[in-house]
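Asker: Take a look at the following structure, please.
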Ligand SMILES: Nc1ncnc2c1ncn2[C@@H]1O[C@H](COP(=O)(O)OP(=O)(O)OP(=O)(O)O)[C@@H](O)[C@H]1O
Ligand SMILES: [Mg+2]
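Okay, here's the thing in structure tokens:
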């Protein structure tokens, strides 16, 4: 049973709708959200469902970094909402709360449909997102940073992530917080998670730097496990192909 009563409350509508039948265990309570492993209900195509419940406003440390906020679709229009977000007013925080959830949901849907390896998104509520759970009834599948792969397996995993980074860019998306902590090693697949801060490289001037950092962190991980990849070259080549419209 989840320890957080608020989070439990946030999952009730999904139980009523038939997406989940019970909460099996809390997977992790992170900076911005708590993830639960739930048993899938009649509506769920999967036996296990992950519920990512966002922290209530007053307990959340938002990623207020201007690098992420620039050019966000929901804030692109001038007006009360975007002014309030920039000034960090109470109304602004409320707008931003809904925005992060909506953006993570939309990003996951677009990427999943585009063939990027992400947990299949199932349902979005006011405070939570449901998606396919990776793992079993006892534990989640490990994160990349938790495994000790052979050089060959490290190479396979990092190359798959780098192909997905390219596919994401082709769908106008830069993850912005990619690291071995946000990639799940599920059997032979590397599954990318945690998208609320993703940016649109057509609208955000920091996208090139964020892309380079994402790639750098993944290549550092691979190097530690004996699979050398040249991060700077990879990101420079990818970015120039994106700018010239050569992806896809
Ligand atoms: N679909 C999933 N299946 C299995 N485990 C998952 C799934 N999604 C998330 N997790 C687990 O929950 C943890 C937190 O998820 P996520 O990174 O999306 O949230 P977060 O609040 O941003 O966490 P953090 O602050 O640690 O980045 C992940 O590290 C992973 O272990
Ligand atoms: Mg995370």
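Residue numbers (the working numbering): 222 to 469. We put the CB at the ideal spot given by N, CA and C, even for glycine.
If you draw a straight line from the C-alpha of residue 338 to the C-alpha of residue 410, how long is it?
Answerer: Counting from one through the chain shown, the residue named residue 338 turns up at place 117. Counting from one through the chain shown, the residue named residue 410 turns up at place 189. Answer to the nearest angstrom: the Cα atoms are 8 Å apart.
Asker: Per DSSP, what kind of secondary structure is residue 429 in: helix, strand or coil?
Answerer: Within the chain shown, residue 429 is the residue found at index 208, counting from 1. In the structure shown, residue 429 adopts helical secondary structure according to DSSP, grouped into three states.
Asker: What is the rounded straight-line gap between the Cα of residue 427 and the Cα of residue 236?
Answerer: Start at 1 with the first residue of the chain shown, and residue 427 comes out as number 206. Start at 1 with the first residue of the chain shown, and residue 236 comes out as number 15. In a straight line, the C-alpha of residue 427 is about 40 Å away from that of residue 236.
Asker: Given residue 277, which residues of its chain have a CB within under 7 Å of its CB, disregarding the five upstream and five downstream residues?
Answerer: On the chain shown, residue 277 is found 56 positions in, with the first residue counted as 1. Only 227 meet the Cβ criterion.
Asker: What is the DSSP secondary structure of residue 232, reduced to helix, strand or coil?
Answerer: Numbered from 1 along the chain shown, position 11 holds the residue referred to as residue 232. The answer is helix: DSSP assigns residue 232 an H, G or I state.
Asker: Counting along the chain, where does the alpha helix (DSSP H) carrying residue 255 start and finish?
Answerer: Numbered from its first residue, the chain shown carries residue 255 at position 34. Boundaries for residue 255: no alpha helix (DSSP H) harbours it, while the beta strand (DSSP E) harbouring it runs 254–261, taken from the DSSP string.
Asker: Taking only the alpha-carbon atoms, compute the straight-line gap between residue 450 and residue 345 and give it to the nearest angstrom.
Answerer: By 1-based counting over the chain shown, the position of residue 450 is 229. By 1-based counting over the chain shown, the position of residue 345 is 124. For the pair residue 450 and residue 345, the Cα-to-Cα distance works out to about 37 Å.
Asker: Taking the alpha carbon of residue 462 as the point to measure from, which residue in 349, 440, 388 has its own alpha carbon closest?
Answerer: Reading the chain shown from its first residue, position 241 is the one you call residue 462. When only C-alpha atoms are compared, the closest one is 388.
Asker: Given the structure, does residue 352 come close to ligand 1, in the sense that its CB is under 8 Å from one of the ligand's heavy atoms?
Answerer: Looking up residue 352 in the chain shown gives position 131. Taking 8 Å as the cut-off, the C-beta of residue 352 counts as close to a heavy atom of ligand 1.
Asker: Have a look at the DSSP bridge pairing and note the partners of residue 410.
Answerer: Position 189 of the chain shown holds residue 410. In the DSSP output, where bridge partners are listed per residue, residue 410 has 407.
Asker: Which same chain residues, not among the five before or five after residue 355, have their C-beta less than 7 Å away from its C-beta?
Answerer: As a first step, residue 355 must be located in the chain shown, where it is residue number 134. 340, 361, 362, 405, 407, 412, listed in sequence order.
Asker: Would you mind listing the alpha helix (DSSP H) stretches within the stretch 306–381 that are 4+ residues and don't spill past its ends, in chain order?
Answerer: 311–334
Asker: Which whole-angstrom value describes the C-beta separation of residue 416 and residue 334, a residue pair presumed to lie in contact below a C-beta threshold of 8 Å?
Answerer: Within the chain shown, residue 416 is the residue found at index 195, counting from 1. Within the chain shown, residue 334 is the residue found at index 113, counting from 1. Actually they do not touch by this definition, with Cβ atoms about 14 Å apart.
Asker: Roughly how far, in whole angstroms, is the beta-carbon of residue 435 from the beta-carbon of residue 397, given that I think they are within contact range, below 8 Å?
Answerer: Reading the chain shown from its first residue, position 214 is the one you call residue 435. Reading the chain shown from its first residue, position 176 is the one you call residue 397. Contact holds; Cβ gap of about 7 Å.
Asker: In chain order, what residues place their C-beta within less than 5 Å of a heavy atom belonging to ligand 2?
Answerer: 403, 415
Asker: Would you kindly check if the distance between the Cβ of residue 331 and the Cβ of residue 275 is under 9 Å?
Answerer: Counted from its first residue, the chain shown places residue 275 at position 54. Counted from its first residue, the chain shown places residue 331 at position 110. Not closer than 9 Å, so no.
Asker: By DSSP, does residue 243 sit in helix, in strand, or in coil?
Answerer: Here residue 243 refers to the residue found at position 22 of the chain shown. If DSSP states are grouped into helix, strand and coil, residue 243 belongs with the strands.
Asker: Residue 233: buried (16+ other C-beta within 10 angstroms of its C-beta) or exposed?
Answerer: In the chain shown, residue 233 corresponds to position 12, counting from 1. Residue 233 is exposed by the Cβ-count criterion.
Asker: Tell whether a beta-carbon distance below 9 Å holds between residue 459 and residue 386.
Answerer: Locating residue 459 in the chain shown gives position 238, where the first residue counts as 1. Locating residue 386 in the chain shown gives position 165, where the first residue counts as 1. Against a cut-off of 9 Å, the Cβ pair of residue 386 and residue 459 comes out as a contact.
Asker: Near residue 222, which residues of its chain fall below 7 Å by C-beta distance, leaving aside the five closest residues on each side in sequence?
Answerer: In the chain shown, residue 222 corresponds to position 1, counting from 1. Residue placement at residue 222 is poorly supported in this model, since its pLDDT is 42, which falls under 50; the coordinates are not used for a value here.
Asker: Is it buried or exposed for residue 446, if we count other Cβ within 10 angstroms and need 16 for buried?
Answerer: Walking along the chain shown from the start, residue 446 turns up at place 225. Its Cβ being crowded by 16 or more others within 10 Å, residue 446 is buried.
Asker: Following a CB-centred definition, is residue 343 positioned closer than 8 Å to any heavy atom of ligand 1?
Answerer: Here residue 343 is taken as the residue at index 122 of the chain shown, counted from 1. No, since every heavy atom of ligand 1 falls outside the 8 Å radius drawn around the Cβ of residue 343.
Asker: So if DSSP puts residue 271 in a beta bridge, which residue, or which two residues, is it bridged to?
Answerer: Locating residue 271 in the chain shown gives position 50, counting from the first residue. According to DSSP, residue 271 bridges with 258, 352.
Asker: With burial defined as no fewer than 16 other Cβ atoms inside 10 Å of the residue's Cβ, what is the status of residue 395: buried or exposed?
Answerer: The sequence position of residue 395 within the chain shown is 174, counting from 1. By the Cβ neighbour-count rule, residue 395 is buried, with 16 or more other Cβ atoms within 10 Å of its own.
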